[in-house]
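Residues in the sequence shown are numbered from 311 upward in steps of one, following the numbering used here.
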Amino acid sequence: MSFTLTRRRAAAAVIIAGLLVPLSACGSDDDTKDSATEPSASASTTGAPKADLTVLAAASLTDVFKTAGAAYEKENPGTKLKFSFAGSQQLAAQVKQGAPADALVTADTKTMDGLQSDTGSPTVIAKNRLVIATGKGNPEKVENLKDLSDPKLKVVLAAPEVPVGRYSKQILDAQKIDVKPVSQELDVRSVLSKVELGEADAGLVYKTDVATATDKVDAVDISDAQNAVASYPAATLKTSKHSAAAAAFVKWLSTPEAQKILADAGFQQP
């Protein structure tokens, strides 16, 4: 009787073990699948590391970078971009003062070259050209650069320390045109604002700036022979606490997707 009971118990144990093994194996498959498909806690679905990034960018990039930033965040869930826009010379000063940031994009190579000890290797992501911004309908009938020398015309320029101000001086000096500006602004958007508000009759800005305010200003084109080409280099900052994520964003700015966004805003290919 005792021997029979023992055999029955042993048989029951074997049966139970046989039922448990498949269940355990099934659970193991699910765990493996979840582990393989679950996104990494430190990387986005496209492989770029997740981080909250601060990007210092030239004022002329204000509108297009908002669009580009939204596209990048959508492509890289978990990454947040914060942009700080100002004149390139102001951005350079912030970098020198140790402002916490991860990447820098200026409107000229000269400013970026002056920060070689603070940045990674820069890459030019876009180019731009100057135009003459006038009030809507061009009420003063400005037709060319020479017209800006008319003492009756209120002309506003960017300060010579600002990239667009330096470009403006370059093309005016090349044509031996003497302009007496009513003011010299700290960035290109301030020049545009003066014209928008009617505080100036004309100003030299980038082509892309006028494109952001076509309901308030008009653009008078400047021939290529008399114009200057502005280059926009982008680089990571050596003080960044998210160097890999910053490098991924800078690299993305040269991708077809980012280049299309820049082109749609009027920027030229690098």
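Even glycine gets a Cβ: it sits at the ideal position worked out from N, Cα and C.
Model, not experiment: these values are computed from the prediction.
Could you name the residues of the same chain whose beta carbon sits closer than 7 Å to that of residue i, not counting the 5 residues immediately before and after it, in chain order?
i	result
residue 521	575, 576
residue 378	568, 571
residue 451	none
residue 373	522, 575
In angstroms with no decimal places, state the Cα-to-Cα distance between residue i and residue j.
i	j	result
residue 484	residue 536	8 Å
residue 541	residue 525	27 Å
residue 444	residue 375	25 Å
residue 341	residue 408	Here residue 341 scores only 35 on pLDDT, less than 50, and its place in the model should not be relied on; the value that follows carries that caveat. The alpha-carbon atoms of residue 341 and residue 408 are separated by roughly 46 Å.
residue 401	residue 361	22 Å
residue 423	residue 415	12 Å
residue 565	residue 546	17 Å
residue 383	residue 455	41 Å
residue 428	residue 405	7 Å
residue 489	residue 551	45 Å
residue 534	residue 364	35 Å
residue 528	residue 460	19 Å
residue 513	residue 469	12 Å
residue 410	residue 509	36 Å
residue 421	residue 505	26 Å
residue 426	residue 385	30 Å
residue 359	residue 503	38 Å
residue 573	residue 579	7 Å
residue 448	residue 417	27 Å
residue 403	residue 419	15 Å
Do residue i and residue j have their CB atoms nearer than 9 Å?
i	j	result
residue 446	residue 511	no
residue 548	residue 430	yes
residue 560	residue 413	yes
residue 441	residue 543	no
residue 487	residue 507	no
residue 438	residue 530	no
residue 472	residue 516	no
Got a sec? Which residues, its chain only, sit under 6 Å from residue i by beta carbon, not counting five neighbours each side?
i	result
residue 493	466
residue 394	366
residue 339	Any reading at residue 339 needs caution, since the residue's pLDDT is 36, under 50, leaving its predicted position unreliable; the model's value is listed next. Cβ within range, chain order: n/a, list empty.
residue 380	none
Quiz item: Taking one C-beta from the segment 360-372 and one from the segment 494-503 each time, how about it: are there three or more such pairs within less than 8 Å?
Solution: A contact exists between the segment 360-372 and the segment 494-503.
Quiz item: Should the segment 502-521 be called in touch with the segment 383-396, which here means at least 3 C-beta pairs below 8 Å?
Solution: No contact exists between the segment 502-521 and the segment 383-396.
Quiz item: Enumerated in chain order, which unbroken segments of the beta strand (DSSP E) with a length of 3 residues or greater are wholly contained in the segment 516-566?
Solution: DSSP runs (the beta strand (DSSP E)) wholly in the segment 516-566: 527-531, 539-546.
Quiz prompt | At least 3 beta-carbon pairs within less than 8 Å: the segment 550-567 vs the segment 470-482 | solution = No: the two stretches stay apart, fewer than three of their Cβ pairs being nearer than 8 Å.
Quiz item: Quick one: complete beta strand (DSSP E) runs, 3+ long, within the segment 363-439?
Solution: If we require 3 residues or more, the beta strand (DSSP E) runs fully inside the segment 363-439 come out as 390-396, 413-415.
Self-check item: Start-end ranges of the beta strand (DSSP E) lying completely within the segment 446-514, minimum 3 residues
Solution: Qualifying beta strand (DSSP E) stretches, in chain order: 465-468, 493-495.
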